[in-house]
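Read the structure below first, then the notes.
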Amino acid sequence: MKTPPRWGSSVKIPWILYAARLNLNAVRFWMSQEEWEKNPEAYEKMLFDFTDSCEEKGIGIMPIFWNGNFIEDYTEAGEEEWKKKRSYAEAIIRLLKPKKGLLMWDVFNEPFCNTYLGSASPEDYPRKKEKLTKDLRKHCELIRELDPDTPITVGHELSSHMDSTSDLVDVLSFHDYMPTRSRMEPLIRLPFSYRKQKAASRS
213 MKTPPRWGSS
223 VKIPWILYAA
233 RLNLNAVRFW
243 MSQEEWEKNP
253 EAYEKMLFDF
263 TDSCEEKGIG
273 IMPIFWNGNF
283 IEDYTEAGEE
293 EWKKKRSYAE
303 AIIRLLKPKK
313 GLLMWDVFNE
323 PFCNTYLGSA
333 SPEDYPRKKE
343 KLTKDLRKHC
353 ELIRELDPDT
363 PITVGHELSS
373 HMDSTSDLVD
383 VLSFHDYMPT
393 RSRMEPLIRL
403 PFSYRKQKAA
413 SRS
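First residue of the sequence shown: 213, per the numbering used here; consecutive thereafter.
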């Protein structure tokens with residue numbers, strides 16, 4: 213279950229109750245650096261209350277730090293922007309790491325599913341993807357630095373995108389919405405090849 217970043221208590225409670233009735237065991241939810249920067253105290257209270265409600269119902273949490281779906285253009289972040297990212301990530305980790313139900317950090321949702329790459333010509337696509345990959349990996353390294361204990365993942369859109377971060381994450385995840393089991397099974401097997409590659413590189 214995904215949740216919007218501006219949930220207030222009047223909205224979140226019915227959803228959590230509904231999730232509990234369905235025996236859902238985890239919630240993966242977006243967070244927003246922009247909303248946090250507007251009012252850190254209020255945003256953190258909203259997150260704390262929401263995750264408290266999840267904990268009361270036995271629902272694990274999988275918070276997403278950043279979302280790639282809305283990238284229309286890309287400029288490499290400078291030093292000041294990375295300082296802001298670090299401050300945001302530090303605050304979220306400080307707030308949510310003590311939660312018993314924290315399953316893992318999702319560093320980025322679908323980093324390659326956006327207008328920036330979707331509208332790229334075949335000639336420009338590799339160059340643009342390389343830029344986003346470099347940026348994505350820096351985000352993974354930041355979260356790992358700030359919290360070396362909690363597992364991390366990246367929620368890729370396609371299984372073929374996982375190789376961009378497979379050596380940096382603990383959990384491989386992707387969102388290939390295939391309509392049939394026969395089309396899905398080859399994609400499910402793909403992560404195992406990445407794990408074998410990772411194990412081989414360490415030996």
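All residues carry an ideal CB built from backbone N, CA and C; glycine is no exception.
How big is the Cα-Cα spacing for residue i and residue j?
| i | j | result |
| --- | --- | --- |
| Glu292 | Ile228 | 37 Å |
| Arg339 | Glu353 | 22 Å |
| Glu302 | Phe260 | 15 Å |
| Glu284 | Lys295 | 22 Å |
| Leu236 | Phe262 | 15 Å |
| Pro334 | Phe282 | 21 Å |
| Lys343 | His368 | 16 Å |
| Arg401 | Met274 | 23 Å |
| Gly290 | Lys257 | 29 Å |
| Ala254 | Trp248 | 8 Å |
| Leu307 | Ala332 | 38 Å |
| Asp361 | Asn251 | 28 Å |
| Gly313 | Asp336 | 42 Å |
| Ile305 | Glu288 | 24 Å |
Within this structure, are the beta carbons of residue i and residue j separated by less than 8 Å?
| i | j | result |
| --- | --- | --- |
| Arg240 | Ile276 | yes |
| Phe320 | Leu348 | yes |
| Lys311 | Glu267 | yes |
| Gly272 | Leu315 | yes |
| Lys269 | Ala232 | yes |
Consult DSSP for residue i and reduce its assignment to one of helix, strand or coil.
| i | result |
| --- | --- |
| Thr287 | coil |
| Ile355 | helix |
| Leu308 | helix |
| His373 | helix |
| Ala272 | Correcting the residue identity first, residue 272 is Gly in this sequence and not Ala. DSSP places Gly272 in strand when its eight states are reduced to three. |
| Leu384 | strand |
| Leu234 | coil |
Take residue i and list the residues in its own chain whose beta-carbon comes closer than 8 Å to its own, dropping the five residues that flank it on each side.
| i | result |
| --- | --- |
| Leu399 | Ser371, Phe386, Asp388, Met390 |
| Gln245 | Phe277, Trp278, Lys296, Lys297, Tyr300 |
| Tyr210 | Absent from the structure is residue 210, since the part of the chain shown begins at 213 and ends at 415. |
| Ser222 | Note that Ser222 has pLDDT 48, beneath the 50 cutoff, so the model's placement of it is unreliable and the number below is only indicative. Excluding residues within five positions, none has a Cβ falling inside 8 Å. |
Residue range of the beta strand (DSSP E) that residue i falls in?
| i | result |
| --- | --- |
| Asp318 | 317 to 321 |
| Thr362 | Where Thr362 is concerned, there is no enclosing beta strand (DSSP E), given that its DSSP letter is neither H nor E. |
| Phe241 | 238 to 242 |
Can you give me the Cβ contacts of residue i inside the same chain, cut-off strictly under 6 Å, excluding the 5 residues immediately before and after it?
| i | result |
| --- | --- |
| Thr345 | Ser376 |
| Met396 | Met390 |
| Gly220 | Per-residue confidence for Gly220 stands at a pLDDT of 49, beneath the threshold of 50, marking its modelled position as unreliable; no derived number is given. |
| Thr327 | Glu284 |
| Asp264 | none |
Grab the span of the alpha helix (DSSP H) containing residue i for me, first residue to last.
| i | result |
| --- | --- |
| Pro391 | From DSSP, Pro391 is part of no alpha helix (DSSP H); its letter is neither H nor E. |
| Phe262 | 252 to 268 |
| Leu329 | 327 to 330 |
Identify, in the order they occur along the chain, each residue of the same chain with its Cβ nearer than 7 Å to the Cβ of residue i, setting aside the five sequence neighbours on each side.
| i | result |
| --- | --- |
| Lys341 | Phe324, Leu329 |
For residue i, decide whether its Cβ has a neighbour in chain D, counting only Cβ atoms nearer than 8 Å.
| i | result |
| --- | --- |
| Phe241 | Note that chain D does not occur in the displayed structure, where there is just one protein chain. |
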